[in-house]
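Student: Okay, so the sequence shown: first residue is 89 according to the numbering used here, each after it adds one. Note that beta-carbon positions come from the ideal geometry of N, C-alpha and C, so glycine has one too. Have a look at this one.
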Amino acid sequence: MSADTSTHQSIFSAAAAPDSAQQPSNPLPMQTPDKNARSKALGGGSAGASAGMGAYRPVAYKTDGVRLLCLVNASVTVCGEGSIYAFGGFDQYTDEVFNHVLKLDLNTMTWTLVDNYGDIPSVRMGHSATYWRDDKLIIFGGENEQRVFLSDVYIFDIPTATWSQPVLSGHPPRGRSRHAVVLHDDKLFILGGVHSNPVAFDPEEDLEYNPQEVLDDMCYLDLKSMTWSRSWKWVARFDHQSWVRDNKLWIFGGMGKEMDRTGDLISLDLSHPVFARMEMKPTGYQTRQARVMFEATTGQGRVLRSHRSNGPNSPRPLFTSRRNTPPPKPSVIPASSSSIRFLWGRDIPSEAHGTHFHHMCGSTLLDFATFAHSNTIRSADTGLSVLDLRDMTWRRFADGVDILGGVNWRWHYLAIAPGGTMAYLLGCPVDEELGEGEEYLSDVLQIDLTQYGIHPDQAPGEQPVDGTLGWDLAKVFDTEDSGSDFIIRAMKDEATEGDEYDAEGMWGRNVVHTPEGGQRIAEQREDDDLPPENVMGPPIRVHKLILLTRWRHFQSVYNSRMREYHRGRLYLPEQYTVVRAFLYYLYTDSIAISPMCPDISTVAGLLVMANLYDMARLRTLCLNRLYNELDVESAAVVWERAGTAGEEALRKKAANFVLTYWGRVVRTSGFRRLSRRSLMELCEEANEEGRVLSGDELGGYDGSSPGTPVPGIVSSAMFGEGNFNSNIINVSQSDEDEEMS
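Okay, here's the thing in structure tokens:
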């Protein structure tokens, strides 16, 4: 039967204001609303940055349709490309538990209550929802309004809005809530969670008291045969997240048996034979019949099945036992497992403060640190931190004020599709006078992860291996005996550095600057539209077929039969090393450190070319390396190139890095190669009240952490949540007066 919207009004607030879905929320700290804001967010591009209109910043939108009140412990799942489904949860203020199905249309930003049919699940909270193939949602477990922990499985068919309960074989796991699930190879892994402790429970003493224990078991449901595996003992954890990457199961976050939040990263090898399928049944599954209704004094009733609790429509005289027959005691899992604990580091997020959302995208673990109701986190500690699983190093990618909206927002759910690059944070602003009717899901913040170089594809920078096409093409790149049929020219590296060889506005003319600061007349040449030969690098021999296949700009030049087509030669006014690395990327799809791409400064130049020629994949690969591998030697160059490419988020990160390690950066060759104009702009990145302090006072790059409080030392802790860097600290005059006093 369909859901009756007239009987479930407590979940909704008053109707939304008209046309609210078409405008970002006000006030909006991330980006000024404009008519093109929605297309920028959904398109995922950097049109604003590329056109010089400023940095990419996520846009928060006020949703239309039904407006949800404080929905807690619901499941929020991205389904397909255009919708998010929410199910279950409870009201924070009334404790009423729901089994509604709600849909958010991401194109119109409108919430709707879905009429659903079939074997509708009972009300629940703390359950899990997983998007499965063929537009299906799998619901497992949770806790109902009578504090009974569930272990049932329901499947929701999205196109028909119909629920069904599959017929399962094997012994189901114990009922639980606040567990983690992950879908891999048509196996639904169930990890940890909380369960009632029957030993400590005495219903005669206190019916409201419900002692809980943290579960340390794991199992999986084979969705091809609808069979439960046995359970194994692994890690005690709840409120955590799980993913599968490189045939390993990873878990992160959550709390353990001591109710302390943990930042340990744990992995499990899934290639062990214990996870192999022992038998195969025909694809598909059987479902139970819909609930059988019978006449009762209340006019309502249903048949109770094992591992199913009372639903909202069942008569109150019926009760189920809190002590279901326990499954066999799990044994320790035989597969190899490892745990990594991050002891110290200035970029390691503190899981004990604020509200954290986690997701694994490719070889990158994301940590969104946001404000919580208790407000236990500083503004400077909010933002996006990223763990590279290849080197197990945490790095800070963005500040909370730039990506999460700062103190004016509370985010309560994170939804990302598996393999997707668009993150959706659901929450509400706190500066509106909402009182106790605070809307938990009234706003949606869209974050395009590719803007920060995060992509689920293979890790960037991998060199082609023997036997691959990239390996074979690399052999014929820029070689004499390879049958090359086209020439690419570029400027010498030294001719593009600083002011000594600045040929801006002089390319194609006869006047050339000399190293001594004078000028001379260059020789007259047939190609008088090109720079003089003495400022150009060696010819780069390439193949037209490869360039036509991989480079749209070259396709346009070639198909239009322009002058370069007839000459068989193309000039690019960029640094020779960068152009050669760019062409090598076209051959191999690699920007790894190699003789063709020697350092991060070259990658910064590739970022400029990626934005110039609108090459999205190259741009993502460059951003990934630049965010992860920014160092002292390249910081100044990355800052300059990021500004040229319109990547303001990266430019800001590089500027903070330069100011933090100012004494070291100014002694690098990259800093000295900057033009005079760039040097002035870089110095202006410091706050007006900024000042330079010695390394003895604040620690160094390879020593103690910048800002570490020690006796008699000026440190960041003295200035609360103000903007500060280690060697150049931005403080207000009042802070300085307070310190001096």
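Taking just the CA atoms, how far does Leu718 sit from Ala830?
Tutor: Residue numbering for the chain in the displayed model covers 89 to 829; residue 830 lies beyond these limits and cannot be assessed.
Student: In the DSSP output, what is Lys345 paired with across the bridge?
Tutor: On the sequence shown, position 257 is the one that residue 345 refers to. Beta-bridge pairing links Lys345 to no other residue.
Student: Quick one: what does DSSP say Asp581 is sitting in, helix, strand or coil?
Tutor: Position 493 of the sequence shown, counted from the start, is the residue given in the question as residue 581. The answer is helix: DSSP assigns Asp581 an H, G or I state.
Student: Under DSSP, the beta strand (DSSP E) around Trp322 begins and ends at which residues?
Tutor: Within the sequence shown, the letter at position 234 stands for residue 322. Premise fails: Trp322 is in no beta strand (DSSP E) and is neither H nor E.
Student: Applying the criterion that 16 or more other CB atoms from any shown protein chain within 10 Å of the CB defines a buried residue, is His328 buried or exposed?
Tutor: As a position in the sequence shown, residue 328 is number 240, starting the count at 1. With 16 or more Cβ atoms within 10 Å of its Cβ, His328 is classed as buried.
Student: Between which two residues does the alpha helix (DSSP H) carrying Ala730 extend?
Tutor: Here residue 730 is taken as the residue at index 642 of the sequence shown, counted from 1. It spans Ala723 to Ala733 - the alpha helix (DSSP H) in which Ala730 sits, taken as one unbroken run.
Student: Mind checking whether Lys191 and Tyr173 have CB atoms under 8 Å apart?
Tutor: Taking the sequence shown and counting its residues from 1, one reaches residue 191 at position 103. Taking the sequence shown and counting its residues from 1, one reaches residue 173 at position 85. Yes, these two residues count as a Cβ contact at 8 Å.
Student: Mapping DSSP to helix, strand and coil, what is Glu777?
Tutor: Along the sequence shown, one-based indexing puts residue 777 at 689. Judged by DSSP in its simplified three-state form, Glu777 adopts coil rather than helix or strand.
Student: CB-CB under 7 Å to Val495, same chain, minus the five flanking residues each way: which ones, in chain order?
Tutor: Stepping through the sequence shown from its first residue, residue 495 is reached at position 407. Around Val495: Phe459 and Ser467.
Student: Take Met594 and list the residues in its own chain whose beta-carbon comes closer than 6 Å to its own, dropping the five residues that flank it on each side.
Tutor: What you label residue 594 is simply residue 506 of the sequence shown in a count that begins at 1. A caution first: Met594 carries a pLDDT of 46, below 50, which makes its placement in the model unreliable, though a value can still be read off. Nothing listed; no residue qualifies.
Student: Leaving out five residues on either side along the sequence, give the residues of the same chain with a beta carbon under 6 Å from the beta carbon of Ser570.
Tutor: Residue numbering aside, residue 570 sits at position 482 when the sequence shown is read from its first letter. If you ignore the 5 residues before and after Ser570, its C-beta comes within less than 6 Å of the C-beta of Val564, all in its own chain and listed in chain order.
Student: Compare the C-alpha of Val518 against each of Met510, Tyr512 and Ser530 and name the closest.
Tutor: By 1-based counting over the sequence shown, the position of residue 518 is 430. Answer by Cα proximity: Ser530.
Student: Taking the Cβ atom as the reference point for each residue, do Gln663 and Tyr144 lie within a distance shorter than 8 Å?
Tutor: To locate residue 663, count along the sequence shown from 1; it is residue 575. To locate residue 144, count along the sequence shown from 1; it is residue 56. For Gln663 and Tyr144, no; Cβs fall outside 8 Å.
Student: Using the Cα positions of Leu475 and Leu454, report the straight-line distance between them to the nearest angstrom.
Tutor: Sequence index remark: in the sequence shown, residue 475 carries index 387 (1-based). Sequence index remark: in the sequence shown, residue 454 carries index 366 (1-based). Spanning the two alpha carbons is a distance of roughly 7 Å.
Student: Are the beta-carbon atoms belonging to Arg80 and Phe326 less than 8 Å from one another?
Tutor: There is no way to answer for residue 80, as the model of the chain reaches only from 89 to 829.
Student: Less than 8 Å between the CB atoms is what I'm expecting for Arg739 and Trp727, so what's the real figure, rounded?
Tutor: Within the sequence shown, residue 739 is the residue found at index 651, counting from 1. Within the sequence shown, residue 727 is the residue found at index 639, counting from 1. Contact holds; Cβ gap of about 6 Å.
Student: Between the Cα of Ala440 and those of Met343, Asp223 and Leu711, spot the shortest distance and give me the residue it belongs to.
Tutor: For this step, residue 440 is matched to residue 352 along the sequence shown. Nearest option by C-alpha distance: Met343.
Student: Identify whether Tyr501 lies in helix, strand or coil by the three-state DSSP scheme.
Tutor: Counting from one through the sequence shown, the residue named residue 501 turns up at place 413. Of the three classes helix, strand and coil, the one that applies to Tyr501 here is strand, per DSSP.
Student: Spatial neighbours of Leu658 within its chain, please: CB distance less than 8 Å, with the 5 preceding and 5 following residues excluded, ordered by chain position.
Tutor: Stepping through the sequence shown from its first residue, residue 658 is reached at position 570. Taken in chain order, the residues that qualify are Phe574, Ile575, Ile576, Arg577, Phe642, Val645 and Glu652.
Student: Looking at the structure shown, is Pro254 part of a helix, part of a strand, or coil, going by DSSP?
Tutor: Looking up residue 254 in the sequence shown gives position 166. In this structure, Pro254 counts as strand in the three-state DSSP scheme.
Student: Got a sec, what are the start and stop residues for the beta strand (DSSP E) Gly230 sits in?
Tutor: Position 142 of the sequence shown, counted from the start, is the residue given in the question as residue 230. Following the DSSP letters along the chain, one finds Gly230 inside the beta strand (DSSP E) bounded by residues Lys224 to Glu231.
Student: So what's Ile575 in DSSP terms, helix, strand or just coil?
Tutor: To locate residue 575, count along the sequence shown from 1; it is residue 487. Reduced to three states, the DSSP call for Ile575 is strand.
Student: Taking C-beta to C-beta, are Trp322 and Asp305 nearer than 8 Å?
Tutor: Residue 322 sits at position 234 when you count from the first residue of the sequence shown. Residue 305 sits at position 217 when you count from the first residue of the sequence shown. Contact flag set, yes.
Student: Can you grab the Cα-Cα spacing for the pair Asp581 / Glu736, in whole Å?
Tutor: Residue mapping note: residue 581 aligns to position 493 of the sequence shown, counting from 1. Residue mapping note: residue 736 aligns to position 648 of the sequence shown, counting from 1. Near 25 Å, if we compare the C-alpha coordinates of Glu736 and Asp581.
Student: Would you report the Cα separation of Phe807 and Arg707, rounded to the nearest angstrom?
Tutor: Here residue 807 is taken as the residue at index 719 of the sequence shown, counted from 1. Here residue 707 is taken as the residue at index 619 of the sequence shown, counted from 1. At Phe807, the pLDDT of 31 sits below 50, so the modelled position is not reliable; the number obtained from the coordinates is stated separately. Roughly 37 Å separates the two Cα atoms.
Student: What is the DSSP secondary structure of Pro422, counted as helix, strand or coil?
Tutor: Start at 1 with the first residue of the sequence shown, and residue 422 comes out as number 334. Coil at Pro422, not helix or strand.
Student: Measure the CB-CB distance between Phe228 and Val269 and report whether it falls below 8 Å.
Tutor: For the purposes of this step, residue 228 is identified with residue 140 of the sequence shown, where counting begins at 1. For the purposes of this step, residue 269 is identified with residue 181 of the sequence shown, where counting begins at 1. Going by C-beta atoms, Phe228 is nearer than 8 Å to Val269.
Student: Taking the DSSP output, what are the residues bridged to Lys191?
Tutor: In the sequence shown, the residue the question calls residue 191 occupies position 103. Tyr173 and Thr200, per the DSSP bridge assignment.
Student: So is Tyr181 buried or exposed if we call it buried at 16+ other beta carbons inside 10 Å?
Tutor: Counted from its first residue, the sequence shown places residue 181 at position 93. Around the beta carbon of Tyr181, fewer than 16 other beta carbons lie within 10 angstroms, which makes this residue exposed.
Student: Which residues does DSSP pair with Ser355 in a beta bridge?
Tutor: Translated into positions along the sequence shown, residue 355 becomes position 267. Answer is Trp338 and Ser426, bridged to Ser355.
Student: Candidates Glu776, Arg638, Pro661 and Arg640: which alpha carbon is nearest Val623's?
Tutor: Position 535 of the sequence shown, counted from the first residue, corresponds to residue 623. Nearest C-alpha to Val623: Pro661.
Student: For Trp499, does the count of other Cβ atoms within 10 angstroms reach 16, so buried, or fall short, so exposed?
Tutor: The residue you call residue 499 lines up with position 411 of the sequence shown. Buried is the call here.
Student: Determine the direct distance from the alpha carbon of Cys710 to that of Val754, and round the result to whole angstroms.
Tutor: As a working mapping, residue 754 is identified with position 666 in the sequence shown. As a working mapping, residue 710 is identified with position 622 in the sequence shown. So the two alpha carbons sit approximately 24 Å from each other.
Student: I'd like the ranges of any alpha helix (DSSP H) spanning at least 4 consecutive residues and lying wholly in the region 526-568.
Tutor: Runs of the alpha helix (DSSP H) lying entirely within the region 526-568, each at least 4 residues long, are 557-563 in chain order.
Student: CA-CA distance, Asp259 and Asp687?
Tutor: Mapped onto the sequence shown, residue 259 falls at position 171. Mapped onto the sequence shown, residue 687 falls at position 599. The displayed chain sequence assigns His, not Asp, to residue 259. Roughly 56 Å between the two C-alpha positions.
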